[in-house]
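Here is the structure we will look at, set down as structure tokens.
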Amino acid sequence: MRIGHGFDLHRVSDDPERQLVLGGVTIAGAPGLIGHSDADVVTHALCDALLGAAGLGDIGVHFPDTDPTWAGADSLALLAHVVSLVHAEGWTIANGDITVIAEAPKLAPHRLAMQERLRAVTRAPISVKATTMERLGPIGEGLALAAEAVALLEGDPS
Ligand code: MG
Numbered sequence: 001m002r003i004g005h006g007f008d009l010h011r012v013s014d015d016p017e018r019q020l021v022l023g024g025v026t027i028a029g030a031p032g033l034i035g036h037s038d039a040d041v042v043t044h045a046l047c048d049a050l051l052g053a054a055g056l057g058d059i060g061v062h063f064p065d066t067d068p069t070w071a072g073a074d075s076l077a078l079l080a081h082v083v084s085l086v087h088a089e090g091w092t093i094a095n096g097d098i099t100v101i102a103e104a105p106k107l108a109p110h111r112l113a114m115q116e117r118l119r120a121v122t123r124a125p126i127s128v129k130a131t132t133m134e135r136l137g138p139i140g141e142g143l144a145l146a147a148e149a150v151a152l153l154e155g156d157p158s
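Just so it is clear: in the sequence shown, position 108 is 108 by this note's numbering, and no numbers are missing.
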């Protein structure tokens with residue numbers, strides 16, 4: 001077995017056209033995040049946890065923000081690629097657990113939808129939880145959103 005950890009943070013955008021996407025779910029009525037892809041911090045943190053567990057580097061290595069291929073990319077497609085890399089090494093994903101750190105919007109109504117999207121791509125149990133920063137610091141002031149993830153791999157890689 002191998003365990004991996006991931007962290008990601010994106011700034012909140014003041015572009016009214018920018019959509020907020022978390023765990024592959026578009027959340028209406030909330031400002032989006034600044035990023036090269038869709039800036040889905042939840043999916044990015046999970047990608048890094050999986051890559052870390054498999055010893056395959058990080059999301060920046062596989063999807064550089066200088067590569068136009070990933071401009072505006074759906075992060076679930078990035079996750080699908082990461083899952084294929086992990087499987088190719090001989091691992092199966094035992095589970096993943098994610099904490100979203102956001103002052104707003106309220107994420108409880110979207111938690112199950114996020115889990116479903118992430119489970120569909122990873123074919124593994126993925127848990128999504130949320131917490132706030134009690135209005136402290138840049139996340140607490142609504143300037144950024146972040147996510148942390150852990151993932152466990154099992155298998156007999158060559
Ligand atoms: Mg990111």
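Ideal Cβ placement from N, Cα and C applies to all residues, glycine included.
Alpha helix (DSSP H) segment containing residue 61, residue limits: On the sequence shown, residue 61 is found 61 positions in, with the first residue counted as 1. Residue 61: member of the alpha helix (DSSP H) spanning 59 to 62, first to last residue.
Spatially closest choice to residue 10 from 40, 23, 24 and 27, by CA coordinates: What you label residue 10 is simply residue 10 of the sequence shown in a count that begins at 1. Distances from the alpha-carbon of residue 10 to those of 40, 23, 24 and 27 put 40 closest.
Cβ contact check for the segment 58 to 65 and the segment 28 to 47: 3 or more pairs under 8 Å: Between the segment 58 to 65 and the segment 28 to 47, the count of C-beta pairs closer than 8 Å reaches three or more; the two stretches touch.
Residue burial classification, residue 1 (beta-carbon count within 10 angstroms, cutoff 16): By one-based count along the sequence shown, residue 1 stands at place 1. When all chains shown are included, residue 1 counts as exposed.
Beta-carbon separation (whole angstroms), residue 4 vs residue 53, contact threshold 8 Å: For the purposes of this step, residue 4 is identified with residue 4 of the sequence shown, where counting begins at 1. For the purposes of this step, residue 53 is identified with residue 53 of the sequence shown, where counting begins at 1. Rounded, the Cβ-Cβ distance is 3 Å, consistent with contact.
Any 3 or more C-beta pairs closer than 8 Å across the segment 132 to 141 and the segment 72 to 80: Counting Cβ pairs under 8 Å, fewer than three are found: no touch.
Closest by C-alpha distance to residue 152, when choosing among 85, 107, 110 and 93: Along the sequence shown, one-based indexing puts residue 152 at 152. Ranking the options by Cα distance to residue 152, first place goes to 93.
Rounded C-alpha distance that separates residue 154 from residue 16: If you number the sequence shown from 1, residue 154 lands on position 154. If you number the sequence shown from 1, residue 16 lands on position 16. Cα to Cα, residue 154 sits roughly 43 Å from residue 16.
Burial state of residue 149 (16 or more Cβ within 10 Å): Within the sequence shown, the letter at position 149 stands for residue 149. Classification of residue 149: buried, given that the 10 Å Cβ count is 16 or more.
Endpoints, alpha helix (DSSP H) assigned at residue 121: As a working mapping, residue 121 is identified with position 121 in the sequence shown. 111 to 122 is the span of the alpha helix (DSSP H), which, as asked, contains residue 121.
Exposure of residue 122, with buried meaning 16 or more beta-carbon neighbours within 10 Å: Position 122 of the sequence shown, counted from the first residue, corresponds to residue 122. Flag for residue 122 reads buried.
Any 3 or more C-beta pairs closer than 8 Å across the segment 123 to 131 and the segment 97 to 109: yes
Alpha helix (DSSP H) segment containing residue 43, residue limits: Translated into the one-based positions of the sequence shown, residue 43 becomes position 43. Annotation for residue 43: the continuous alpha helix (DSSP H) segment containing it runs 41 to 54.
Classification of residue 156 by the beta-carbon crowding that lies within 10 angstroms, buried from 16 upward: Indexing the sequence shown from 1 puts residue 156 at position 156. Label assigned to residue 156: exposed.
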